[in-house]
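Novice: Residue numbers (the working numbering): 2 to 370.
A virtual CB, placed ideally from N, CA and C, is assigned to each residue, including glycine.
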Ligand code: FES
Ligand SMILES: [Fe+2]
């Protein structure tokens, strides 16, 4: 199993996609079963019955409890076993892991690490998402057969846009514009300005600009799994670069990445924009972004296939890779810090109770095990 940052909020799925039906998910190689309880709260539990390891996701809901589809053990929203068919005594140790959950920006976020560190207020938030002066366009959950850090590379990297997205987010001929970056804590920001250039195709018709624009791309990456790209345009020479965005098109493409396993991730994306919601405009933007993100998917999946075939290949490093290297170093440091803390905690932990070991390593030999 690969090493992942655990003490963070990962996107589980869209809020719109969870109801009172059982759904199955996988995040950092852990299987999770999720549903909404009768109060509408999201429940997320380890998807494995502690009896004979049947996935709970093949079971059924009994009120707010989930019932294993093999022998009918039931677990409540906290993961505690509340019913064993044919047995009155329910050992407290029979339970499944329950994951902390918070909902924000149309997403269900799951905490994969230590429960006492799960602070709902630390979940990612973009203030414009809640601001009535902006409109929100929810996109998709795009599955990629690619390691999530390869997608993260792509989302710290304005320099690929001129070559990959020529019909949507760029125009040919801007490959040489320099890229800058800055690191602040767990955030890497990579940006560039393209001055006095034609409007990008996806912005066509959004404003009645005449002539060229000055346009920007700020890629904000919050390790390990969030990328927010602030991109926009203003009439050329009107001072946008100096801060005057009074007549601009501005959008934030939010990418919330779910690492599934070493070779798979899901890119949940949505758009926040200063253009009012309008069915035709929104349909056009969605179509354009679907094209663009599928262009990235195609490249990233081909890269993953090459990496699988050539696991020892050493890639060359260029100046444009500076921010992606820093992003990866931050993720490595976060993972290493957590691993070291876990190791220290394990050394100090009291011996596991006999009863728990009995449940982990063998079947219950009797109801009193
Ligand atoms: S495997 Fe779940 S009750 Fe037996
Ligand atoms: Fe891209």
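What residues are listed by DSSP as bridge partners for residue 254?
Specialist: Paired residue(s): 230, 272.
Novice: Which value, in whole angstroms, describes the spacing of the CA atoms of residue 17 and residue 272?
Specialist: Approximately 16 Å, taken between the alpha carbons.
Novice: Say the cut is 7 Å; is the CB of residue 66 nearer than that to a heavy atom of ligand 2?
Specialist: No, Cβ of residue 66 sits at least 7 Å from all heavy atoms of ligand 2.
Novice: Can you look up residue 166 in the DSSP assignment and give me helix, strand or coil?
Specialist: Coil at residue 166, not helix or strand.
Novice: Using the Cβ count rule (16 or more neighbours within 10 Å means buried), how would you classify residue 346?
Specialist: Flag for residue 346 reads exposed.
Novice: Give every residue of the same chain whose Cβ lies closer than 7 Å to the Cβ of residue 5, excluding the five residues on either side of it in the sequence, and list them in chain order.
Specialist: For residue 5, where only same-chain residues beyond five positions count, the Cβ hits under 7 Å are 29, 260, 336.
Novice: Can you say whether residue 362 is buried or exposed, counting buried as having 16 or more other CB atoms within 10 angstroms of its CB?
Specialist: Only weak support is given to the placement of residue 362: the predicted model assigns it a pLDDT of 32, under 50, and the value that follows is read from those uncertain coordinates. So residue 362 ends up on the exposed side.
Novice: Start and end of the beta strand (DSSP E) containing residue 25?
Specialist: Note, residue 25: beta strand (DSSP E), 24–28.
Novice: Could you tell me the distance, in whole angstroms, from the CA atom of residue 8 to the CA atom of residue 103?
Specialist: So the two alpha carbons sit approximately 14 Å from each other.
Novice: Looking at ligand 1, does it come within less than 7 Å of residue 73, judged from the CB to the closest heavy atom?
Specialist: Within the cutoff, so yes.
Novice: What does the Cβ neighbour count give for residue 307, buried or exposed, with the cut at 16 atoms within 10 Å?
Specialist: Classification for residue 307: exposed.
Novice: Unbroken alpha helix (DSSP H) runs of length 4 or more, entirely within the stretch 112–183: which are they?
Specialist: Qualifying alpha helix (DSSP H) stretches, in chain order: 149–155, 162–165.
Novice: On the DSSP bridge assignment, give the partners of residue 14 in chain order.
Specialist: Beta-bridge pairing links residue 14 to 109.
Novice: Could you tell me the alpha carbon to alpha carbon distance between residue 84 and residue 67, rounded to whole angstroms?
Specialist: Using only the alpha carbons, I get a separation of about 10 Å.
Novice: Which value, in whole angstroms, describes the spacing of the CA atoms of residue 368 and residue 90?
Specialist: Summary for residue 368: the model assigns pLDDT 33, below 50, so the residue's position carries little reliability, and this model does not support an answer.
Novice: Determine the extent of the alpha helix (DSSP H) in which residue 264 is found, giving its start and end residues.
Specialist: That residue, residue 264, is in no alpha helix (DSSP H); it is neither H nor E in DSSP.
Novice: I want to know whether the stretch 297–316 touches the stretch 214–232 - three or more CB-CB distances under 8 Å.
Specialist: Verdict: no, contact absent.
Novice: Taking just the CA atoms, how far does residue 92 sit from residue 229?
Specialist: Taking the straight line from one Cα to the other gives about 46 Å.
Novice: Considering just the uninterrupted stretch of the alpha helix (DSSP H) at residue 288, what are its terminal residues?
Specialist: Here the alpha helix (DSSP H) through residue 288 covers 280–310.
Novice: Pairs of beta-carbons, one from the stretch 136–144 and one from the stretch 191–200, closer than 8 Å: are there three or more?
Specialist: No, because fewer than three Cβ pairs between the stretch 136–144 and the stretch 191–200 fall closer than 8 Å, the two stretches do not touch.
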